[in-house]
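Participant:
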Amino acid sequence: MVCSRMGSGPENKMSSTKRKKGHYIKASKGKKARHGYSKLDYGMTGFLITCNRYERETINEAYNLFNEYADVMYGPEKSEEDNSDGSDCDGEQDIEKALAAELASLKKEKSKTRKRFQVVESGANNCIFIRTTVEKPDEMLHKIFSDIHDSQKSRSRYMMRVTPTLGTCRADSEKLSALAGELMGKYFNKDCTKTYCIMYKARNNVSVNRHMAYKAVGEAIEGNAPLMRVSFDDPDVAITVDIIKTVCCVGIVKDFVKFRKYNIQEVARIDEKKAEKAAAKEALASEVKSNEESKDAPMMDSVKSDDAPMMDSVKSDDAPMMDSVKSDDAPIIDSVKSDDAPIIDSVNSDDAPIIGSVKSDDPPIIDSVNSDDAPIIGSVKSDNAPNIGSVKSEDAPIIDSVNSDDAPRTQSDNGPFVVMVKDSVMTSHGGPSMDSNLDPDISKSGSNSDDASNAE
1 MVCSRMGSGP
11 ENKMSSTKRK
21 KGHYIKASKG
31 KKARHGYSKL
41 DYGMTGFLIT
51 CNRYERETIN
61 EAYNLFNEYA
71 DVMYGPEKSE
81 EDNSDGSDCD
91 GEQDIEKALA
101 AELASLKKEK
111 SKTRKRFQVV
121 ESGANNCIFI
131 RTTVEKPDEM
141 LHKIFSDIHD
151 SQKSRSRYMM
161 RVTPTLGTCR
171 ADSEKLSALA
181 GELMGKYFNK
191 DCTKTYCIMY
201 KARNNVSVNR
211 HMAYKAVGEA
221 IEGNAPLMRV
231 SFDDPDVAIT
241 VDIIKTVCCV
251 GIVKDFVKFR
261 KYNIQEVARI
271 DEKKAEKAAA
281 KEALASEVKS
291 NEESKDAPMM
301 DSVKSDDAPM
311 MDSVKSDDAP
321 MMDSVKSDDA
331 PIIDSVKSDD
341 APIIDSVNSD
351 DAPIIGSVKS
361 DDPPIIDSVN
371 SDDAPIIGSV
381 KSDNAPNIGS
391 VKSEDAPIID
401 SVNSDDAPRT
411 QSDNGPFVVM
421 VKDSVMTSHG
431 GPSMDSNLDP
441 DISKSGSNSD
451 DASNAE
């Protein structure tokens, strides 16, 4: 018992490990054999298809579409007959052999249906290459796109861009030049005057850049069809150069712009896109027309606004009536009515002088009042009542200067400051108030009582 356990332990572990490795290797080989994918190689023709994930569904969709058109254009594919030796078992075959024969026939039918079109591993994600035995895959693909363009019915859910591949070579500038020269000589002649463009795309490769591909294909076209010219707006033919890893695929397609760069989904939506563009254009035109009509509408003669209207006459509780305004900073008003300041319209009196222009914080600036009988007194500044001249007083106005040859200046000790102006008297009710800016004669008369008595 013990010996058997000791002897069987390491051997069992090694054998189980070997079985596991063999199982994984066998499974991987079976997977490759089951799918039967071969790699993209040189000298192949077929179709290069791009998709957005869902590669299995894309492959099945491509098989169905290509087989449908191939049967119509080239007839159904001929099946290869088996070379049987004519021996009949006459019921001698057992059940296992019958099942094996049935499975072989099913596999054979499956391989026959995919023989004309066979998918190969491209070496790039979301990029599928289907190898074909059709002589001119570009013509069959052009027929497919023409039908979809005319009917506007989608035939694809997973396929996106489909381009034909007329030849493959190693991703090298020399090999590309040789393959391009061969294809250009086959499809174009020296009298060809078509326009062309070159479409380049590289995946998982940096050995052949865009400039090298353009140079190789351009030299091939100049050597075989020198009259052809480049046109990227609407070329007659487009030469596609797709490089995937170490393989370069070259193809030639017609109506490249018409078929939306051979996008099988966009071709079926051409009418829908046109309708959307027409609707957007119509909406834009109507909007522009409405804007023009609003601009051409007549302007109102009078405009009333609460913010800042422009009017000939303005009535407001906070501002006086204005007839004419002439000022840089504030309007000049002929008549002013205010609760805090006296109303100064025009002063005509034989007993009092005429006050000129008044400046105050509350009322606006008064124009000027001219009188032949009385002098014009300077400017007055006051918070509540006008101050005359450059003298500021809280209680009473102070007269700046009075020009009179015949009127003396007097002041009593307790009485108001009196100025005689052409038999007219202006008194100050609040008492004298002197400033350093007063006239020297006035200051002397205010300080000397003898001069005041002489004046009396």
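Take the sequence shown: its letters are residues 1 to 456, numbered as in full-length UniProt numbering.
Every residue, glycine too, gets a C-beta built ideally from N, C-alpha and C.
1) Could you tell me which of E174, E282 and C249 sits nearest to V162, measuring between CA atoms?
2) Return the bridge partner residues of V237 from the DSSP annotation.
3) So, does the stretch 194–208 touch the stretch 154–161, judging by three or more C-beta pairs under 8 Å?
4) Since N126 and N64 are thought to touch, with beta carbons under 8 Å apart, how far apart are those beta carbons, to the nearest angstrom?
5) In whole angstroms, give me the CA-to-CA distance for Y74 and S286.
6) Here's the rule: buried if 16 or more other CB atoms are within 10 angstroms of the residue's CB, otherwise exposed. What is P76?
7) Cβ atoms of F145 and S255: under 9 Å apart, would you say?
8) Distance, Cα to Cα, E174 vs I221?
9) What does the Cβ neighbour count give for S122, buried or exposed, with the cut at 16 atoms within 10 Å?
10) Taking the DSSP output, what are the residues bridged to P164?
11) Just reading off the alpha helix (DSSP H) that E68 is part of, what are its end residues?
12) Should N224 go down as buried or exposed, given a rule of 16 or more other Cβ atoms within 10 Å for buried?
13) Counting only runs that start and end within the stretch 117–150, where is the beta strand (DSSP E) found for 3 or more residues in a row?
14) How is M159 classed by DSSP in three states: helix, strand or coil?
15) Determine, using beta-carbon pairs with one atom in the stretch 131–142 and one in the stretch 36–45, whether at least three such pairs fall under 8 Å.
16) Go ahead and label V72 buried or exposed: buried means 16 or more other beta carbons lie within 10 angstroms of its beta carbon, across all protein chains shown.
17) Let me check understanding here. Comparing Cα to Cα, which of M212, D147 and G218 lies closest to E182?
18) Got a sec, what are the start and stop residues for the alpha helix (DSSP H) Q152 sits in?
19) I'd like the span of the alpha helix (DSSP H) that includes M212, first residue to last.
20) Roughly how far, in whole angstroms, is the beta-carbon of A171 from the beta-carbon of V241, given that I think they are within contact range, below 8 Å?
21) With distances taken from CA atoms, which of A180, H142, K281 and N67 is nearest K215?
22) Taking the C-alpha atoms as reference points, what is the distance between E276 and E282?
23) Counting C-beta neighbours from all protein chains within 10 Å, is the total for P235 16 or more, i.e. buried, or is it exposed?
24) Less than 7 Å between C-beta atoms, sequence neighbours within five positions excluded: which residues of the same chain meet that for L176?
25) Give the straight-line distance between the Cα atoms of R155 and E266, rounded to the nearest whole angstrom.
26) Which of the three DSSP states is assigned to A202 in this structure?
27) Check the DSSP bridge columns for V247 and list the partner residues they point to.
28) Consult DSSP for K186 and reduce its assignment to one of helix, strand or coil.
29) What residue from S105, N60 and S151 has the CA that sits closest to F117's CA?
30) Under DSSP, the alpha helix (DSSP H) around S294 begins and ends at which residues?
Facilitator: Judging by the given coordinates:
1) Along the sequence shown, one-based indexing puts residue 162 at 162. For the residues E174, E282 and C249, the minimum Cα distance to V162 belongs to C249.
2) As a working mapping, residue 237 is identified with position 237 in the sequence shown. Answer is Y196 and K254.
3) no
4) By 1-based counting over the sequence shown, the position of residue 126 is 126. By 1-based counting over the sequence shown, the position of residue 64 is 64. 20 Å between Cβ atoms; not a contact.
5) Looking up residue 74 in the sequence shown gives position 74. Looking up residue 286 in the sequence shown gives position 286. Each residue's alpha carbon lies about 53 Å from the other.
6) Start at 1 with the first residue of the sequence shown, and residue 76 comes out as number 76. By the 10 Å Cβ count, P76 comes out exposed.
7) The residue you call residue 255 lines up with position 255 of the sequence shown. The residue you call residue 145 lines up with position 145 of the sequence shown. Just to set this straight, residue 255 is Asp in the shown sequence, not Ser. Yes.
8) Here residue 174 corresponds to residue number 174 of the sequence shown, with the count starting at 1. Here residue 221 corresponds to residue number 221 of the sequence shown, with the count starting at 1. Approximately 15 Å between the Cα atoms of the pair.
9) As a position in the sequence shown, residue 122 is number 122, starting the count at 1. So S122 ends up on the buried side.
10) Position 164 of the sequence shown, counted from the start, is the residue given in the question as residue 164. F47.
11) Locating residue 68 in the sequence shown gives position 68, where the first residue counts as 1. Where E68 is concerned, the enclosing alpha helix (DSSP H) stretches over E55 to Y74.
12) If you number the sequence shown from 1, residue 224 lands on position 224. Classification for N224: buried.
13) 117–121 and 127–132
14) The sequence position of residue 159 within the sequence shown is 159, counting from 1. M159: strand per DSSP, three-state reduction.
15) yes
16) Position 72 of the sequence shown holds residue 72. Its Cβ having fewer than 16 others within 10 Å, V72 is exposed.
17) Translated into the one-based positions of the sequence shown, residue 182 becomes position 182. Closest option to E182, Cα to Cα, is G218.
18) As a first step, residue 152 is located in the sequence shown; it is residue number 152 there, counting from the start. Segment: none, Q152 is in no alpha helix (DSSP H) and carries neither H nor E.
19) In the sequence shown, counting from the first residue as 1, residue 212 sits at position 212. Run containing M212: R210 to N224, per the alpha helix (DSSP H) assignment.
20) On the sequence shown, position 171 is the one that residue 171 refers to. On the sequence shown, position 241 is the one that residue 241 refers to. At roughly 10 Å, the Cβ-Cβ gap does not stay under 8 Å, so A171 and V241 are not in contact.
21) The count along the sequence shown starts at 1 and reaches residue 215 at position 215. Nearest C-alpha to K215: A180.
22) Counting from one through the sequence shown, the residue named residue 276 turns up at place 276. Counting from one through the sequence shown, the residue named residue 282 turns up at place 282. So the alpha carbons of these two residues sit roughly 10 Å apart.
23) Here residue 235 is taken as the residue at index 235 of the sequence shown, counted from 1. With 16 or more Cβ atoms within 10 Å of its Cβ, P235 is classed as buried.
24) The residue you call residue 176 lines up with position 176 of the sequence shown. Excluding residues within five positions, the ones whose Cβ falls inside 7 Å are C169, V208, A213, A216 and C248.
25) As a working mapping, residue 155 is identified with position 155 in the sequence shown. As a working mapping, residue 266 is identified with position 266 in the sequence shown. The straight-line gap from Cα to Cα measures roughly 11 Å.
26) Counted from its first residue, the sequence shown places residue 202 at position 202. Strand.
27) Translated into positions along the sequence shown, residue 247 becomes position 247. Its beta-bridge partners are R170 and I244.
28) Within the sequence shown, the letter at position 186 stands for residue 186. Looking at K186 - three-state DSSP - the assignment turns out to be helix.
29) The sequence position of residue 117 within the sequence shown is 117, counting from 1. Nearest of S105, N60 and S151 to F117, Cα basis: N60.
30) The count along the sequence shown starts at 1 and reaches residue 294 at position 294. Run containing S294: I270 to D296, per the alpha helix (DSSP H) assignment.
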